[in-house]
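Report on the structure given below.
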Amino acid sequence: MSESEYSVFGNKKRKTLSLECKIDIINEFDGGMKICEIGRKMDLAESTVRTVIKDRERIRAAVESDQCLNSSVIRHEIFNKMERMLKSWYRSQIRMNNHCIDQSTVCRQAKWIFERLKEEAGETAKDETFLASNGWFNRFKNRCDWLNIAENSDEVLSVDSDSGSSSFLDKYKLVCQ
């Protein structure tokens, strides 16, 4: 058997596990199932199951902090907070001002909220960066089920991204406390 055949037939293809799948693995383990049984049941390598079990506290913390269960990456809490605040801001812009908002406006607002939260977090988030890229925006849109956000400002009415930004942040903090 040649090397190429071995790699095709000998190794399993790498899988990305969602948080939901990881929680299922943890629950099975906590329920008394053995690691090898979990691996066979879920068609995973035992080492993968052991890694999930080893990281169970971090995984549970991510789920408790309201991270999307479809996610496969555990992000810093500041990102989840920023996205929740951004969703609230978006709904308030639509509801109160009856404004349509484009991608660049949402990305500017996301960066603004992120920077404010990063300042508040201090040392715990000093190394975190956020670019508000097209890729982030498309994934964020999918997470929120926002299908009708325009790609550019030619398609919608213009909205000043800083209008009401600080008052929104203050109101959101009051609601969350």
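For the record, in the sequence shown the residue sitting at position 7 is 342 according to this note's numbering, with numbers rising by one throughout.
C-beta: ideal position from N, C-alpha, C; glycine also.
Measure the C-alpha to C-alpha separation of R474 and E458 and round it to an integer number of angstroms.
28 Å
Buried/exposed call for K357, threshold 16 Cβ in 10 Å
By the beta-carbon neighbour count (other beta carbons within 10 angstroms, threshold 16), K357 is buried.
Can you tell me which of the three DSSP states D437 falls into?
strand
For I373, three-class secondary structure by DSSP
helix
Helix, strand or coil for L298, going by three-state DSSP, please let me know.
Because the chain in this structure spans residues 336 to 512, residue 298 falls outside the shown range and cannot be described.
Please go through the same chain and pick out, in chain order, the residues whose beta-carbon is closer than 6 Å to the beta-carbon of L452, but skip the five residues on each side of it.
I413, K416 and M417
Let me know the secondary structure DSSP gives S427 once reduced to three states.
helix
Using a Cβ-Cβ cutoff of less than 7 Å, which residues in the same chain neighbour R393 once the five nearest sequence positions on both sides are dropped?
I409
Where E490 sits in the DSSP three-state scheme:
Residue placement at E490 is poorly supported in this model, since its pLDDT is 49, which falls under 50; the coordinates still yield a value, given next. E490 carries a helical assignment under DSSP once its states are collapsed to helix, strand and coil.
Distance, Cα to Cα, G366 vs D390?
17 Å
Assuming I370 contacts R349 (C-beta within less than 8 Å), just tell me the rounded distance between them.
19 Å between Cβ atoms; not a contact.
Straight-line CA distance for M368 to E355?
18 Å
CA-CA distance, I381 and G374?
It is Glu, not Ile, that sits at residue 381 in the sequence shown. Each residue's Cα considered, the two are about 5 Å apart.
Distance between L421 and A396 (C-alpha atoms, nearest Å):
22 Å
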